[in-house]
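Per the UniProt record's numbering, the very first residue in the sequence shown carries number 1; after that it's consecutive. For glycine and all other residues, C-beta sits at the position ideal for the given N, C-alpha and C.
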Amino acid sequence: MSAIAASQPLPETRASPAFRFAMLLPGGLVTFFLILFALGLVIFLAFRGNDGSLLGVGLTAANFVTVATDPLYWTVTLRSLVIAGLVTLATVVTAYPVAYYLAFHAGRRRGLLLFLVTLPFWTSYLLRVFAWKIVLAYNGVLNSAFIESGIWSEPTLAFLNTPAAVVVTLAHAYAPFAILPIYVALDTIPKSLLEAASDLGARPLTAFRRVVLPNSMPGVLAAALVVFVPTVGDYVTPAMVGGPASTMIGTLIQSQFGKANDWPFGAALSVCVMLVILCVVLVARGADRRFGSRT
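Next up, the structure:
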């Protein structure tokens, strides 16, 4: 009798409106104050004039006019997009083989390898940037290794304070963010598709090109966005391992909120960067839909 009762499905229960409201309230408050309110405040500040006060004075579009007409901000924004694009390309290209191995060849070691992939999250972002600064410095690890091996006779300044140093440091910092979404996309590919491709005579390279790569493109696009969006506005890494030629738009925004004490203009720069990133996200979303329709 107890076995029959246990096998019967439990009756469906609907939560009361008050209970649903209580469950949604914390997340709604966090969303409002940390996202919507903060975004609205930035947009409000972008249309204010700077008089030295916290919220500025009046309503004006002069901040956006300055951003649109001053070639400095166009140059720095373009440089930021190029550096972020190179970081994204380097990160995705190096992350894909790792994710592929985890999805198809890791076997019982998959859990340990995933743990090692997420291990950098346990350390501070600043510590990882400092580590690269030590490696690339004039008397750092890389210069010392070249001198000890006899390749060079004296240290060089070709590593640190260059755009390449920024690209390498950011690519290393955001590698786990690219590996995980690509791994998830690869792991969800049905193994029957690969078996069917093999039964039809497809070689491993052909099966990868026709089956694996198209089905993993949503994960690749997600990884690219996860890396590209934060690197466009990064200012810590360019300040620590980059030089004047590596100044990015995030550095200018930080200086407006800091040394210049011009919060309205800094907010206007932030809004412009958000609009550029929004355009990139919309393009990536359209590409994701095209890949989804093909697969």
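Non-local beta-carbon contacts of T77 in its own chain, meaning distances under 6 Å to residues more than five positions away in sequence, involve I249 in chain order. Where V87 is concerned, the enclosing alpha helix (DSSP H) starts and stops at 71-104.
For K191, the enclosing alpha helix (DSSP H) covers residues 191-199. Under DSSP, G49 shares a beta bridge with V57. Judged by DSSP secondary structure, D187 falls within the alpha helix (DSSP H) whose first and last residues are 175-187.
In the DSSP assignment, K259 falls outside any alpha helix (DSSP H), carrying neither H nor E. Fully enclosed alpha helix (DSSP H) runs of no fewer than 4 residues occupy 110-118, 125-136, 141-148, 163-173 of the region 101-181, in order along the chain. At the C-beta level, A46 and V271 come within 9 Å of one another. Contact annotation: P163 and G242 have beta-carbon atoms nearer than 9 Å. Put simply, the backbone Cα of P181 is about 42 Å away from that of T60. Inter-residue distance for L160 and N139 is about 10 Å (C-alpha atoms, whole angstroms). In the DSSP assignment, A245 falls outside any alpha helix (DSSP H), carrying neither H nor E. Counting along the chain, the unbroken alpha helix (DSSP H) around V226 starts and ends at 213-232.
DSSP places L36 outside any alpha helix (DSSP H), giving it a letter other than H or E. Annotated three-state conformation of R203 is coil, per DSSP. About 5 Å separates the Cβ atoms of A99 and I179, confirming a contact at the 8 Å cut-off.
If you draw a straight line from the Cα of A260 to the Cα of I253, it is about 10 Å long. In the DSSP assignment, F19 falls within the alpha helix (DSSP H) that extends over 17-31. With a cutoff of 9 Å on beta-carbon distance, N50 and F257 are scored as not near each other. Non-local C-beta neighbours of R128 in its own chain, meaning closer than 6 Å and more than five positions away in sequence, comprise A173, ordered along the chain.
The region 204-219 makes no contact with the region 83-90; the number of CB pairs closer than 8 Å stays below 3.
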